[in-house]
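Protein chains in written order, with the working numbering: chain A, -1 to 111; chain B, 3 to 238.
These notes concern the structure reproduced below.
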Ligand SMILES: Nc1nc2c(ncn2[C@@H]2O[C@H](COP(=O)(O)OP(=O)(O)O)[C@@H](O)[C@H]2O)c(=O)[nH]1
Ligand SMILES: [Mg+2]
Ligand SMILES: [Zn+2]
C-alpha cells in the first residue's frame, strides 16, 4: 500500500520535467503498471486526486496502461503469459522461468503544452 | 497557444531507489559490513528470532540492528539487551523501508567496526518486496500459524528472498502447516531459495541457519565482488 508515497514522488518528478520543457499545462499523465508490479491501479486512482491538489497536475487526467505478465523459459526459450501457467513453461514444463514483462511501474509520458 | 504534444519520460518509479540501494551496497562492501534485510508479517517472531541469533553470534561478530517497527522503541531495547547495537528508525507510518531510510540508520553506526547489520523491516509481506534497501541478502520469516498458503498470496515477497525461515516450528503439531507443500510452492516461485525450519523460542533448527549466516558474512567480507541477490534479479 505504498501507492500514495510513490504517487507523490511521481508528481514531484513530473513538475521537474514540466519546468525543463517549459510546460505550463499538462493534459494527461500516462503510467505503465505491470500486473506483477505490486502496485494496484485502483489504489493509484484512489489517491491521485489528493496528490495532485495544489500542483501543476491539478487538472491533469490520469491514464494507466496495465501491462500483462510475460515470462520466458530459461530452458527452451519459450515466451508465455504468466497468468494460467504458474511460472511453469507450457512447452517443456521447466520451472526455471524468468518474468520479463509485467513487473514494471513506469512513468511513460505526459501530454502537455 | 501551442498544441498539446507528447513528452516521453519512460522512467521507472523505482529507479532512484535502486540507484541509492546500489550505492549503499557498495559502501557496505567497502567497510566489510554484511547488511541483512529481514522481512515478515507482524508477529511472525522477528524480534524473538533476532535476539537468539544475536546471542549465538555475538562472540564472533560485531552486530547492529536497525529497528523499523512502527514508531516504538520497545524492540530496539530488546535487541540491545541481547548484545547488539540498536538503532530505532522512525518511519512515520510508512509501509516499507527505502534505501535512503536505511542509509540514515547505517550512518549513525560505526560501520568500519561492524560485521553484520540486520534491518528489522516493517511487518508487511507486500510493500517491502518492491524496495531494495541496499542489503547484501534478503531474508523472510514465515511462521507456522500464518499458514502454508502464503506463497500463493504473496508471490513477490517469496521471489525476492535469498532465504526463507519457517519459524515457530515448535507449534507445528497444533496447526495444519505442511512444510513440504510450502517448500514446493516456494520453490516454484524461487528455485534457488534456501529454506530453514526453526523456532526462535526453543532454538530448534538454529545451527544450520547460524552456519549459513556465518558463511554468508565471511564470504561477503573476503570476496571483492558483489553477487547479485534474488531481489536485485527481479528489480525493475
Ligand atoms: N511458539 C512460538 N512463539 C513465538 C516464537 N517466536 C516468537 N513467538 C511469539 O510470537 C509473538 C510475536 O513475537 P515477536 O518476536 O515480537 O514478533 P515480531 O512482531 O515479528 O517482532 C510473541 O508472543 C512471541 O513470544 C516461536 O518460535 N515459537
Ligand atoms: Mg518486532
Ligand atoms: Zn521450456
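Yeah, the Cβ is synthetic: ideal placement off N, Cα and C, and Gly gets one too.
_Among A:19, A:5, A:13, A:6, the one whose alpha carbon lies nearest that of residue 111 of chain A_ = Answer by Cα proximity: A:19.
_Partner residues on chain B for residue 56 of chain A, Cβ-Cβ distance less than 9 Å_ = Taking the beta carbon of residue 56 of chain A as reference, no residue of chain B falls within 9 Å; the closest one sits roughly 17 Å away.
*Between the C-alpha atoms of residue 10 of chain B and residue 20 of chain B, what's the straight-line distance to the nearest angstrom?*
21 Å
_Once DSSP output is grouped into helix, strand and coil, what is the label at residue 169 of chain B?_
strand
*Tell me whether the beta-carbon of residue 15 of chain B lies closer than 8 Å to the beta-carbon of residue 7 of chain A.*
Cβ atoms of residue 15 of chain B and residue 7 of chain A: closer than 8 Å.
_Applying the 10 Å Cβ sphere with the 16-neighbour rule, what's the burial state of residue 55 of chain B?_
The residue is buried, with at least 16 neighbouring Cβ atoms inside 10 Å.
*Can you give me the Cβ contacts of residue 74 of chain A inside the same chain, cut-off strictly under 8 Å, excluding the 5 residues immediately before and after it?*
87, 89, 90, 92
*Just tell me which of A:66, A:51, A:43, A:42 has its CA closest to the CA of residue 101 of chain A.*
Looking at A:66, A:51, A:43, A:42, the one whose alpha-carbon comes closest to that of residue 101 of chain A is A:66.
*Residues of the region 60 to 81 of chain A with Cβ closer than 9 Å to any Cβ of chain D, in chain order*: Structure shown: chain D not included; protein chains present are A and B.
*How about residue 15 of chain A: is its C-beta nearer than 8 Å to some C-beta of chain B?*
yes
*From the beta carbon of residue 110 of chain A, is the nearest beta carbon of chain B less than 8 Å away?*
It does; some Cβ of chain B falls within 8 Å.
*Could you tell me the distance, in whole angstroms, from the CA atom of residue 114 of chain B to the CA atom of residue 35 of chain B?*
7 Å
*Would you say residue 15 of chain B faces chain A, with C-beta separation under 8 Å as the test?*
yes
*DSSP state of residue 155 of chain B mapped onto helix, strand, coil*: Looking at residue 155 of chain B - three-state DSSP - the assignment turns out to be helix.
*asked:* Below 8 Å on the Cβ atoms is my contact criterion, and I expect residue 47 of chain B with residue 195 of chain B to pass it. Report the Cβ-Cβ distance as a whole number of Å.
replied: That pair is no contact at about 19 Å.
*Are there three or more Cβ pairs, one per stretch, closer than 8 Å when the region 120 to 132 of chain B is compared with the region 27 to 47 of chain A?*
Yes, the region 120 to 132 of chain B is in contact with the region 27 to 47 of chain A.
*Spatial neighbours of residue 232 of chain B in its chain, beta-carbon cut-off 8 Å, leaving aside the 5 residues before and after*: These residues qualify, in order along the chain: 140, 161, 162, 163, 164, 192, 194, 195.
_Start and end residues, alpha helix (DSSP H) containing residue 174 of chain B_ = Element bounds for residue 174 of chain B: n/a, residue is neither H nor E.
_Proximity to residue 190 of chain B [Cα-Cα], best of A:97, A:103, A:107_ = When each option's Cα is compared against that of residue 190 of chain B, the closest is A:97.
*Got a sec, what are the start and stop residues for the alpha helix (DSSP H) residue 16 of chain A sits in?*
1 to 18
*Could you name the residues of the same chain whose beta carbon sits closer than 6 Å to that of residue 156 of chain B, not counting the 5 residues immediately before and after it, in chain order?*
127
*residue 8 of chain B touches chain A at which residues, Cβ-Cβ below 7 Å?*
107, 109
_Beta-carbon neighbours of residue 44 of chain B, restricted to chain A and to distances below 9 Å_ = Per Cβ cutoff of 9 Å: no residues; residue 44 of chain B is ~14 Å from chain A at best.
_For residue 224 of chain B and residue 52 of chain B, what's the separation of their Cα atoms in angstroms?_
25 Å
_Below 7 Å, is the gap between the Cβ of residue 68 of chain A and the nearest heavy atom of ligand 2?_
The answer is no for residue 68 of chain A.
*Span separating the alpha-carbon of residue 149 of chain B from that of residue 203 of chain B*: 18 Å
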